[in-house]
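Counting the sequence shown from 1 gives a position; the numbering used here is that position plus 274. We put the beta carbon where it would ideally sit given N, CA and C, even for glycine.
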Amino acid sequence: MKRDYNVNVPINRILVSAGAVSALNLALLSIVEIGEGVLLPDPAYPNYESLIRMQGAIPVFYRTKAENDFLPDVSDIEKRITPFTKEIIINSPSNPTGAVFTEEKSQQILQLAKEHELYIISDELYDELIYEGKHISPLSADPSMKDHIISIFGFSKVYAMTGWRLAYAIVPERLWGVMCKLQEPVTTCAPSISQKAGEAALDGSKDFVKEMLDIYKQHRDIACDLLKQYHMDFITPKGSFYIPIDIACTGMSAKEFAMGLLMKQKIVAAPCDTFGPSGKSLIRICFAGDIEQ
């Protein structure tokens, strides 16, 4: 955090977890009560909604629209805040849209959370996979909010360590002990072999990450050129390795379209109907594979 975002974090604010989903689960468990509301983007990673419902809390979606580069409208978010709203989840770069928060957008979200005394859960798994712009971590954007921000980082995406089940969260000091106690009966700890591999990844050279990012950018540009040739409706992602495609004009559901691609063209795409209400007309393709794919 000091190297990448110029943020000093004491050890009693760092929680190592068995994957980012585990960290997100602990973040919700430590703060949210049954019946309280949690704001989350639409579309968004499906496990956000699943975990919120598991806590007995209420997921409240805020729209991120293609015409706004899938960035949230803060005034729209504010309309959805009630006395029962406890947290807001943000995700930049985004899965599935590839949206990257600008500094202005980050400050707007932080100011909103401050005014309404909301906790922020910031999913930053794709923090180094950005093609245009730069990553703005809420912790560096407004250090005064450190007692209300939980930032989650992982190794699966940036370091291509999917399956190692390793992540870490920067948490408010007063929540650290609570989250550690909650982790004990759930996963006990992250695998020790994964933690050693994670140390090597963090301490080692970042050259391979830059090389991987260059390759992903080439893949992205090729994929976008192909989509333009077929007149597909999409927004070029600024980060992550996904492209959301709007297939509403086909009259098909996201699942129907994705199954058609698989059966007829042998192309795998994720139907986004589980990513939130707006996902019913979206599919997500991934360009992290080999160029031949």
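Spatial neighbours of M435 in its own chain (CB-CB distance under 6 Å, excluding positions within 5 residues in sequence) are listed in chain order as F429. Secondary structure at G563: coil, using DSSP grouped into helix, strand and coil. Taking C-alpha positions only, S552 is separated from K502 by approximately 22 Å.
Residue environment analysis places C546 among the buried positions, since at least 16 neighbouring C-beta atoms fall within 10 angstroms of its C-beta.
Exclusion of the five residues before and after L384 leaves P412, A415, D416 and M419 as the residues of its chain whose Cβ lies within less than 7 Å of its Cβ. The C-alpha of M537 lies about 11 Å from the C-alpha of A543.
Annotation: the region 460–537 contains the following complete segments of the alpha helix (DSSP H) (minimum length 4 residues), in chain order: 466–477, 481–503 and 528–534. Judged by beta-carbon spacing, V290 lies within the 8 Å limit of Y442, meaning their Cβ atoms are closer than that value. Comparing alpha carbon positions, the residue from I565, D520 and K540 closest to S555 is D520. Check the Cα spacing between V432 and each of I404, F508, R337 and A464: the tightest is with I404.
Taking C-beta atoms under 8 Å as the contact rule, P333 and V348 fail to qualify, at a distance of about 19 Å.
If you draw a straight line from the Cα of V460 to the Cα of N299, it is about 10 Å long. For the pair F427 and R494, the CB atoms are not nearer than the 8 Å cut-off. Excluding the 5 residues flanking it on each side, C523 has same chain C-beta neighbours closer than 8 Å at D507, in chain order. Around K388, the same chain offers M419 as residues with beta carbons nearer than 7 Å, after the five sequence neighbours per side are excluded.
Pairing K339 with S466, the inter-Cα distance amounts to about 41 Å.
Following the DSSP letters along the chain, one finds L384 inside the alpha helix (DSSP H) bounded by residues E377 to H390. Per DSSP, the continuous beta strand (DSSP E) segment holding K360 begins and ends at T359 to N365. For the region 383–433, the continuous beta strand (DSSP E) assignments of 3+ residues that do not extend past its boundaries occur at 393–397 and 423–428, in sequence order. The C-beta distance from E310 to A331 rounds to 5 Å, short enough to meet the 8 Å contact threshold. P518 and L449 have their C-alpha atoms roughly 35 Å apart. If you check the CB distance, S468 and W438 come in under 8 Å.
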